[in-house]
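Participant: Sending over a structure as structure tokens; questions will come in a sec.
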Amino acid sequence: MVKASNRQKEAYQQLLQKHTPSRPIFRNLVLAFLVGGAITTIGQGVLNFFVSQGLSPKDAATPTAGVMIFLGALLTGLGVYDKIGKFAGMGSALPITGFANSIVSPALEFKREGFVLGVGARMFQVAGPVIVYGVVSSLVVSVLHILVKGV
Amino acid sequence: MPGQGLREGKEPRYQLGLQPKGFTDGKKIGKQTVVFHNRPVVLATASVAGPKEGKGPLGRYYDIVKEDTLFGERTWEKAEARLLEEAANLAVKKANLKTQEVDYLLAGDLLNQLIASNLAAREISIPFLGLYGACATMSEALTLAAVLVDGRYGKYALAAASSHHDSAERQYRYPTEMGNQRPPTAQWTVTGAGAALVGASGEGPVITCATVGTVVDIGLKDPNDMGSAMAPAAAETIWQHFQDTGRKPEDYDLIATGDLASVGKGIALDLLKKSGFHLGRNYTDCGVMVYDPSQDVQAGASGCGCSAIVFAGYLMKELAEGRIQRLLLVATGALLSPTSYQQGESIPCIAHAVAVENQRSVKGGAGIG
């Protein structure tokens, strides 16, 4: 046999249902909530610290992001963040620390190919699509905003 | 086709070694099976494993267990090459030979352009044939080593395969330090290498026959569920092996598939059952043997190194100590590339079966002419 026919594929899918373990969705949700909540609570603590030092809440956001990015990068470099990620899933991928992890981890991985073709070229391998579609969707939203509400 | 409970209807059955002589002089029987009448011998095997594998249930069976995953090398690729080189050299040494005496090195791995094998072969001066069979490489290499030795194209052939968790991760999936969650069907690539020295004569179990698999593609596309994708290929090859040789599941003390892991193993059993072959306690899968479930490996082990270290480390010792007399090793491979799955291709899969038997069993056993 070379490739399965559609009928065979369907029959196989039925067989698979019996054997494929289901994802522990409830456990994943709880862990993501707890770990994601913990990370963002730390972020809030950092923000409050900057506010207590006299910055306005709006101005404090930038240094807070900087601190959280630093923490994400540091934990990636120490080999800890991948272990948190395995456990917490989206809970550690979604906050800005996860974004830092997605940039630092390829930078570390491809350092062996040198600073130009390795670190430089591959650093945004994971985060690149996020940036591209982030920019594209913000553009779409801005255009819609202009169309609906005017400039 | 396995998805439908394999093929129906009967095909002519042959008894091993009883095929009338023709173009192949009885060296090929049935549709896909070769018989080795000169009985090439597995003279020695060697296995080198990583630290995680060393902590697994089979840890004490490996010749060398590494303490870390880089062993002083600068890159994962070089580290994998070192695994392969050490396994190859150790197998030659255990057979009391020198590498200059070995006629062929048949080796493969999972990396692009077989770079781990190429780097290892650079250090070992044995005439080298690189093989790509994904995780089915060990039985592919054993088959071809047996063909070369049985055909008297050389006295000694070294069959070897390697994989490394981190080199595979960076090539197929994500950077190793990236924090992402693995689904329960995912498998953990083994860090390890196995080598088997096949010789024309001597002490040790013999390779009696091998069934070369066809590519089977059941249409699955998820690289995080390769056990399900490969199970039909394994079932197909095992089915074909029984058709070609006239043997039955109970003729084997152990039938071991390569790396179907916990998900694929159950599927393969079901598929074979549907086509009338009931494999019972004499069936296992190397992918469920390497790690303990507590080691956080989801469905189990995978990689060329999986069947290589289980065969070279554990199964060969079981044969040597007589706990099993007749083994069918069916290494399984998912022949995907990162490019092919990104382009939406389904995963082509393959399995090759090699029968390894103690010499005692060959002389008196069933189904041998």
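In order, the protein sequences belong to chains G and F. Read in the working numbering, the first sequence has 130 at position 133, and its numbers run on one by one without any break. Basically the working numbering = 1-based index in the second sequence + 12. C-beta atoms are modelled at their ideal positions from N, C-alpha and C, and glycine is treated no differently. All values derive from a computational prediction rather than experimental measurement.
1) Where in the stretch 207 to 286 of chain F do unbroken runs of the alpha helix (DSSP H), each at least 4 residues long, occur, reported from the N-terminal end onward?
2) Could you tell me whether the Cβ of Met190 of chain F comes closer than 8 Å to any Cβ of chain G?
3) Give the straight-line distance between the Cα atoms of Leu136 of chain G and Gly147 of chain G, rounded to the nearest whole angstrom.
4) From F:Val53, F:Pro69, F:Tyr303, pick the residue whose C-alpha is nearest to that of Asp162 of chain F; which is it?
5) Answer yes or no: does any C-beta atom of chain F fall closer than 8 Å to that of Gly95 of chain G?
6) Mind the definition here: the stretch 224 to 238 of chain F touches the stretch 60 to 74 of chain F only if three or more C-beta pairs lie below 8 Å; say whether that holds.
7) Are the CB atoms of Thr201 of chain F and Gly239 of chain F nearer to each other than 8 Å?
8) What residue does the beta strand (DSSP E) around Ser174 of chain F start on, and which one ends it?
9) Assign Thr59 of chain G to one of two classes, buried (16 or more other C-beta atoms within 10 Å of its C-beta) or exposed (fewer than that).
10) Would you check if the stretch 174 to 192 of chain F and the stretch 287 to 295 of chain F touch, i.e. whether three or more CB-CB distances between them fall below 8 Å?
11) According to the neighbour-count rule (16 or more other Cβ atoms, all chains shown, within 10 Å of its Cβ), is Val300 of chain F buried or exposed?
12) For Ala132 of chain F, which residues of its own chain have a beta-carbon under 6 Å away from its beta-carbon, when the five flanking residues on both sides are left out?
13) Just grab the DSSP bridge partners of Tyr295 of chain F for me.
14) Against Pro18 of chain G, what residues of chain F qualify as contacts under a CB-to-CB distance less than 9 Å, listed in chain order?
15) DSSP three-state label for Ser151 of chain F, please.
16) Cα separation between Leu340 of chain F and Asp263 of chain F?
17) Any contact of the stretch 261 to 277 of chain F with the stretch 76 to 89 of chain F, i.e. 3+ C-beta pairs under 8 Å?
18) I need the DSSP call for Ile138 of chain F, collapsed to helix, strand or coil.
19) Taking its Cβ as the centre, do 16 or more other Cβ atoms sit within 10 Å of Phe323 of chain F, making it buried, or is it exposed?
20) For a test of the three-state rule: what should DSSP assign to Ala158 of chain F, helix, strand or coil?
21) Tell me, please, which residues DSSP counts as bridged to Gln199 of chain F.
22) Confirm, please, whether the CB-CB distance from Cys298 of chain F to Cys318 of chain F is below 8 Å.
23) In whole angstroms, give me the CA-to-CA distance for Glu135 of chain F and Leu117 of chain F.
24) Mapping the DSSP letters down to three states, classify Ser59 of chain F as helix, strand or coil.
25) Would Tyr186 of chain F pass as an interface residue toward chain G - the criterion being a Cβ-Cβ separation below 8 Å?
Facilitator: Taking the coordinates as given:
1) 238 to 257, 273 to 286
2) yes
3) 15 Å
4) F:Val53
5) yes
6) no
7) For Thr201 of chain F and Gly239 of chain F, no; Cβs fall outside 8 Å.
8) 168 to 175
9) exposed
10) no
11) buried
12) Ala93, Leu96, Glu97
13) F:Ile267
14) Pro195, Pro196, Thr197, Ser274, Val275, Gln310, Ala311
15) helix
16) Roughly 10 Å between the two C-alpha positions.
17) no
18) coil
19) Its Cβ being crowded by 16 or more others within 10 Å, Phe323 of chain F is buried.
20) helix
21) By DSSP's assignment, Gln199 of chain F forms a beta bridge with F:Gly312.
22) yes
23) 12 Å
24) Ser59 of chain F falls in the strand class under three-state DSSP.
25) yes
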